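Accompanying notes for the structure given below.
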Ligand SMILES: Nc1nc2c(ncn2[C@@H]2O[C@H](COP(=O)(O)OP(=O)(O)OP(=O)(O)O)[C@@H](O)[C@H]2O)c(=O)[nH]1
Ligand SMILES: [Mg+2]
């Protein structure tokens, strides 16, 4: 899941070998797509959903995303961020974490962040949130291997624990 236009479908295509993204326009995905990838010897189903800013849907596409989340209560949720818009991504990711889904975070569009001189401390974000965080450039296939190797570590965390941790990490910011 993630905000609109952060590269979810490109990432999905990379993982599944599918080629379902037909257009480069934002708002492309209005329905969900299922695909499969192999993890070690296990076949995993992956669902690509439309972008949403929050879990309070404002349009049809957002409704689909939120509905898919509810229907897949036992799934791991991959929260895809635009690395240049971390706050927006966090807003949604925290909502999902709050609902006690196991989460992993992908900081996509890492190339854009580099070009724009935006630095994100991946390890620090990881230790503050307590979930795996990987940087990717989905269009170039960068970070995909690391993503695959970390997906098994996606974890449920309690918002209260994150809040307690923020105090600690906040001191050296
Ligand atoms: N520079 C850069 N562009 C990317 C990256 N990943 C995806 N894009 C581009 O970002 C645009 C949106 O990608 P999509 O995969 O359609 O984004 P999405 O999150 O599925 O969008 P919605 O389905 O509309 O929510 C496309 O033009 C992609 O080529 C990346 O890592 N870096
Ligand atoms: Mg999409």
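In this note's numbering, the protein residues as written are -14 to 158.
Where a beta carbon is used, it is the ideal one built from N, C-alpha and C, also for glycine.
These numbers were taken from a predicted model, which means no experiment stands behind them.
As assigned by DSSP and simplified to three states, the class of residue i
| i | result |
| --- | --- |
| residue -5 | helix |
| residue 88 | strand |
| residue 120 | strand |
| residue 21 | strand |
| residue 10 | Its pLDDT being 48, under 50, residue 10 is placed unreliably by the model, and nothing is read from it. |
Residue i to residue j span [Cα, whole Å]
| i | j | result |
| --- | --- | --- |
| residue 76 | residue -1 | 26 Å |
| residue -7 | residue 149 | 31 Å |
| residue 102 | residue 122 | 16 Å |
| residue 29 | residue 61 | 11 Å |
| residue 1 | residue 91 | 16 Å |
| residue 98 | residue 68 | 6 Å |
| residue 85 | residue 56 | 14 Å |
| residue 115 | residue 147 | 7 Å |
| residue 19 | residue 108 | 31 Å |
Identity of the residues DSSP links to residue i by a beta bridge
| i | result |
| --- | --- |
| residue -13 | 65 |
| residue 31 | 20 |
| residue 93 | 67 |
Residue i and residue j closer than 8 Å at C-beta
| i | j | result |
| --- | --- | --- |
| residue 133 | residue 66 | no |
| residue 144 | residue 79 | yes |
| residue 118 | residue 127 | no |
| residue 89 | residue 139 | yes |
| residue 32 | residue 17 | yes |
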